[in-house]
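Residue 157 in our numbering is what sits at position 155 of the sequence shown, and the numbering runs on without skipping anything.
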Amino acid sequence: MSTELAFNGGSAVRTTPWPGRGLIGPEEKAAVDAYLDAVIDGPGFISYGGVEEEAYCQEFCEQMGGGYADGVNSGTTALYVALRALDLPAFSEVIVSAVTDPGGMMPIPLLNLIPMVADCAPGLYNSGPQQVEDLITPRTSAIVVAHIGGEPADMPGIMAVARRHGLPVVEDCAQAHGAKLGGQVVGTFGEVAAFSTMWGKHHSTGGQGGLVYTRNEELYWRARRAADRGKPFNLEAAAGNRIATLNFNLTELAAVVGRAQLRKLPGIVARRREVVARLREATADLASVAWPDALDGVEPSWWWLRGRVRVERITCDKATFCAALAAEGLPISPDYRAALPHHMEWFVQRRVFGDSGYPWASPEYQGDRDRQFLCPNAEETMDTTFNLHLHEGWEEQEVADAAQILRKVEGAYGV
Ligand SMILES: Cc1ncc(COP(=O)(O)O)c(C=O)c1O
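Take a look at the structure:
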């Protein structure tokens, strides 16, 4: 094997493409074919809010250990619906994890609520109880906690803070289907949870989709209304639609795909855990990269694997180290700054409702309109961490190649 790094002209360790996920297969095709046959023989149209969505939601709840779910058309709209169902006072403050997708934050100001951005816990992507508690004011009305990269946030700690202050918690489980903490699956700690089922997630309803989940039946009905133009679900129908909202429905066709996918989800989560366990073993002797601590009672549902470059153990900077890994063929994102929505123009320029500056500019908002969220822990995590895009399609060869790449680059830069 050449020790010359690929980005210095050596040959790369991995030149063949990495395997795809193979997420959609004959099972989904058979389910969709059967559904479409029934459509053609029957009503002749694809609907929404029917038996397929009901079954999909029920099967999802079985995997959650009970509760209620509503299928919606994205993770972003799932969060919007979850917050709307909580009926929070306009211009109150909602604490939200700093590291998240823009869709994990934008619903907050769109509901005339003020996002308060909680830093990460030291060394992590996830926010912790301390970072959440630091932002609580008399104006706080809710907390949104994201489980980033499939690693569960410290929910017992965050729930203790929330209870102390009487605040509802929304779990953003977009990246963590099936992750567990102390045997309890994420999404069941807070009052309500939002899931994304777009194509890249652990299980998918096709191109786009999402789920709102709660163990509270009343909240479930409020979510149903919030997801479908305020229709009077579980209410006396005569008065008509109860609240103004949008139409966020999942289609029956998407639910058919989701049902087939749910049957695969436990296997996907388990296989990803195995791949990570194998990679940990295969790289146990390396000093330049640290994987997340394997903590008792924490069962991540890896969306990717967080790798911390131990800059004190290498002779180059993190950017060079990651560029070397990528040049050897390792599928990584060298940093995750794209997941700091509060650094983006929409947030910085307050582009939510035209040029009005609302919701921050409202005279009803009594907090600091120009508050900066510096998030030093998030910056430090970004400065030291890369995301390794492994998945259930990885076999022994992929683990071996990844380990060999890490070993080769450490050989060149390790101290
Ligand atoms: C943490 C988080 N929240 C929300 C979303 C938004 O989900 P969607 O893309 O389905 O709208 C994502 C998407 O990746 C996410 O990662």
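A virtual CB, placed ideally from N, CA and C, is assigned to each residue, including glycine. No experiment lies behind these values; they were computed from the predicted model shown.
Proximity below 8 Å, CB of residue i to CB of residue j
i      : j      : result
Gly189 : Thr199 : no
Ala80  : Val258 : no
Asp403 : Arg23  : no
Leu327 : Val417 : no
Ala239 : Ala87  : no
Glu173 : His149 : yes
Leu90  : Leu115 : yes
Asp121 : Pro365 : no
Leu137 : Ile110 : no
Pro343 : Met107 : yes
Gly51  : Thr78  : no
Enclosing alpha helix (DSSP H) for residue i [first to last residue]
i      : result
Gly309 : Segment 307–311 is the beta strand (DSSP E) holding Gly309; no alpha helix (DSSP H) there.
Phe349 : 347–350
Pro34  : One point to set straight first is that residue 34 is Val, not Pro, in the sequence displayed. From DSSP, the alpha helix (DSSP H) with Val34 extends over 28–43.
Ala176 : Premise fails: Ala176 is in no alpha helix (DSSP H) and is neither H nor E.
Leu408 : 398–415
Met66  : 53–66
Met384 : 378–386
Pro111 : 109–112
Lys266 : 254–284
Leu221 : 219–228
Gly77  : 77–88
Minimum Cβ-Cβ distance from residue i to chain B less than 8 Å
i     : result
Gly27 : Although the question refers to chain B, the structure presented lacks it and comprises just one protein chain.
Assumed close pair residue i, residue j - CB separation to whole angstroms, cut-off 8 Å
i      : j      : result
Pro21  : Gly309 : Rounded, the Cβ-Cβ distance is 20 Å, inconsistent with contact.
Ser335 : Gly152 : Rounded, the Cβ-Cβ distance is 15 Å, inconsistent with contact.
Leu252 : Asn10  : The Cβ separation is near 50 Å, so there is no contact.
Thr102 : Ala341 : 6 Å
Gln177 : Trp305 : 4 Å
Arg273 : Ala292 : The Cβ separation is near 23 Å, so there is no contact.
Val194 : Thr216 : 4 Å
Gly130 : Gly159 : 6 Å
Ala262 : Ala33  : 4 Å
Lys233 : Asn218 : At roughly 19 Å, the Cβ-Cβ gap does not stay under 8 Å, so Lys233 and Asn218 are not in contact.
Gly331 : Ala14  : 5 Å
Ala405 : Leu281 : 7 Å
Neighbour-count burial assignment, residue i, 16 or more Cβ in a 10 Å radius
i      : result
Lys320 : buried
Ile97  : buried
Thr387 : buried
Glu6   : exposed
Ser99  : buried
Glu400 : buried
Thr207 : buried
Asp372 : exposed
Phe47  : exposed
Thr285 : buried
Val163 : buried
Ser4   : exposed
Asn389 : buried
Leu183 : buried
Val83  : buried
Leu376 : exposed
Pro28  : exposed
Arg166 : exposed
Secondary structure of residue i, DSSP reduced to three states
i      : result
Val187 : strand
Phe355 : coil
Tyr360 : coil
Phe93  : coil
Ile465 : Because the chain is modelled from 3 through 417, residue 465 falls outside the range shown and cannot be assessed.
Met161 : helix
Thr142 : strand
Phe197 : strand
Leu332 : coil
Asn236 : coil
Val300 : strand
Val134 : helix
Val101 : coil
Beta strand (DSSP E) segment containing residue i, residue limits
i      : result
Leu126 : Per DSSP, Leu126 belongs to no beta strand (DSSP E) and is neither H nor E.
Ala71  : 70–74
Tyr215 : 212–216
Pro117 : 116–120
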